[in-house]
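All residue numbers in the sequence shown are consecutive under this note's numbering, ending with 249.
All C-beta atoms, glycine included, are put in the ideal place defined by N, C-alpha and C.
Worksheet for the structure shown next.
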Amino acid sequence: MNKFLHNAQEYTDNRPRYPLNLYDYLTTLISQTKLVIDCGTGSGQVACDLTQHFEYVIATDLSYDLLKTTQKKTNLIYVQAAAEYLPIRSHTVDMVTIGQALHWFSLDQFYSEVNRIVKPNGIIAAWCYNQCTIDSKIDALINQIYSLISSPENRSIQRQYVYDHYETIPFPFKRVPTPNFELSVEWNLKELYGYIATWPGLLEYEKNTHANILSQLEEKFISTWGDINVKKIIKWQINLLVGRVI
């Protein structure tokens, strides 16, 4: 994932955190909370929150640069490893989590590893989020960016899964019905810009076209936002997949 990023610390600093009630819910689905594996952990946000629920957390990512930015916890171990080759003993894991990363994996290999490491009746939980909503005028500006980077000529198979809200991604597990979850933050315009600047699709688009979309739209964003220091509520719907490993 780091191939898309200008700076790993920027990614860490500008990504919203998931709601804590998501983890509260997931832990109700398992009988034991001894070990959870967070794959594609990135900056470790999910892994850190999971330390409040599990005796041990192991978080993996291929990007050493991202792992260097992670927060340390006494019951949390970070491992530089591919999700498709997990250095975990078989049938020892209560739950596997993947936040905003499943679409980047080689799915058949990863799912084989999940079936190997998870205890019978354990859980795999994967989620993504797509476009945020603020208000109709600002949303329209964000949609301009989104339309450019998600046009058919710019979209990859991996990103298409996100655009489809994970509804089309292969998921060969016994599905568990889930409630709806929402991600919400209060950001000023600078914070919103920082977040948009971490979009892998935007970074790749600008690399290929040599365009700077955020700079081109800056005046429109400022005039639409108003006082740039004022914080606005920003929301995302979380697209959650939960499966039971039989």
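For G125, which residues in the same chain have their Cβ closer than 7 Å to its Cβ, ignoring the five residues on either side in sequence?
Closer than 7 Å at the Cβ level, and outside the excluded window around G125, lie I33, V96, D97, M98, V248.
According to DSSP, simplified to helix, strand and coil, what is F184?
Here F184 carries a strand assignment [DSSP, helix/strand/coil].
If I measure Cβ to Cβ from F174 and keep anything under 8 Å in the same chain, skipping five residues before and after, which residues do I get?
Here the set comprises A129, L244, G246.
With respect to the beta strand (DSSP E) encompassing Q83, which residues constitute its N-terminal and C-terminal limits?
Here the beta strand (DSSP E) through Q83 covers 79-83.
If we count the other Cβ atoms within 10 Å of its Cβ and call it buried at 16 or more, is Y26 buried or exposed?
So Y26 counts as buried.
Expressed to the nearest angstrom, what Euclidean distance is found between the alpha-carbon atoms of P123 and K177?
Answer to the nearest angstrom: the Cα atoms are 12 Å apart.
L206 versus A200: straight-line alpha-carbon distance, rounded
Approximately 7 Å, taken between the alpha carbons.
Sorted by chain position, which residues of the same chain lie with C-beta nearer than 8 Å to M4's C-beta, five sequence neighbours on each side aside?
With a pLDDT of 36 at M4, under the threshold of 50, the modelled position of that residue is not reliable, and no figure is offered here.
CA-to-CA distance, R119 to S3, given in whole angstroms
Residue numbering for the chain in the displayed model covers 4 to 249; residue 3 lies beyond these limits and cannot be assessed.
Hey, would you say I241 sits closer than 7 Å to Y114, going by beta carbons?
At a Cβ-Cβ threshold of 7 Å, I241 and Y114 do not count as neighbours.
Look up Y169 in the DSSP assignment and say whether it is helix, strand or coil.
Coil at Y169, not helix or strand.
By Cβ distance below 7 Å, which residues in the same chain neighbour L23 in space, the five residues on each side in sequence not counted?
Cβ within range, chain order: D52.
Classification of D138 by the beta-carbon crowding that lies within 10 angstroms, buried from 16 upward:
D138 should be labelled exposed.
Bounding residues of the alpha helix (DSSP H) (the contiguous stretch that carries L53):
DSSP places L53 in the uninterrupted alpha helix (DSSP H) bounded by 48-53.
Opposite I101 in the DSSP bridges: which residues?
In the DSSP assignment, I101 is bridged to A129.
Can you find the residues in the same chain that come closer than 7 Å, C-beta to C-beta, to V49, ignoring five residues on each side of it along the sequence?
Answer for V49: Y21, D41, T100, G102, listed in chain order.
For a minimum of 3 consecutive residues, which ranges assigned as the beta strand (DSSP E) are wholly contained in the segment 12-49?
Complete beta strand (DSSP E) runs here, min 3: 38-42.
Just verifying my parser: in three-state terms, what is the DSSP assignment at L244?
L244: strand per DSSP, three-state reduction.
Residue of K75, I231, T54, T73 minimising C-alpha distance to W190:
The candidate whose alpha carbon is nearest that of W190 is I231.
Per the contact definition of three or more C-beta pairs closer than 8 Å, is the segment 219-237 in contact with the segment 138-154?
Touching, yes, given that three or more Cβ pairs across the two stretches are closer than 8 Å.
Which residue marks the beginning of the beta strand (DSSP E) containing A62, and which one marks its end?
Note, A62: beta strand (DSSP E), 59-64.
Endpoints, alpha helix (DSSP H) assigned at R119:
Run containing R119: 110-120, per the alpha helix (DSSP H) assignment.
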